[in-house]
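First residue of the sequence shown? That's 39 in the working numbering, and the numbers climb one at a time after it. C-beta: ideal position from N, C-alpha, C; glycine also. On a predicted model such as this, the values are computed, not experimentally measured, just so you know. Everything below concerns the one structure shown next.
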Amino acid sequence: MSFKDIINKDRGVFINPGEFAEEHTWNDIPIVCIEEEMDFDKVSKSLGSEDGHYRDIKTIFIETELIEKPVIHEEVYYDDEKYSILFVSEEDGIYEIKIERNESW
Numbered sequence: 039m040s041f042k043d044i045i046n047k048d049r050g051v052f053i054n055p056g057e058f059a060e061e062h063t064w065n066d067i068p069i070v071c072i073e074e075e076m077d078f079d080k081v082s083k084s085l086g087s088e089d090g091h092y093r094d095i096k097t098i099f100i101e102t103e104l105i106e107k108p109v110i111h112e113e114v115y116y117d118d119e120k121y122s123i124l125f126v127s128e129e130d131g132i133y134e135i136k137i138e139r140n141e142s143w
């Protein structure tokens with residue numbers, strides 16, 4: 039068994055709602071993915087934002103067969119909120135997607 043075979047076999051464990059993944063929606067399609075959210079206080083301070091605005095940035099890990107590959111700057115709805123695609127990479131059947139939207143507090 040090759041290393042890639044092992045990774046593909048373990049993908050079901052990695053992106054599993056009983057382990058690390060959660061259910062969300064992507065353009066109204068139910069999906070299971072892993073979400074990493076950036077700390078908005080750190081982001082707003084690094085951007086010099088003191089006017090109550092910050093960038094809500096998330097990184098999503100999702101199996102490639104669940105959605106079409108997004109395109110940078112494309113607008114998508116993630117959990118019914120509108121985001122813009124910042125970054126997309128694909129490796130071993132998983133997309134890593136960074137999305138952002140502007141927020142205020």
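- If you draw a straight line from the Cα of THR63 to the Cα of ASP130, it comes to about 22 Å.
- For GLU75, the CB contacts under 7 Å within the same chain, skipping 5 residues up- and downstream, are LYS96 in chain order.
- ASP94 has ARG139 as its beta-bridge partners, per DSSP.
- Per DSSP, the beta-bridge partners of PHE99 are ILE72, GLU134.
- In chain order, LYS136, GLU138 place their CB closer than 6 Å to the CB of LEU124, counting only its own chain and leaving out the 5 sequence neighbours on each side.
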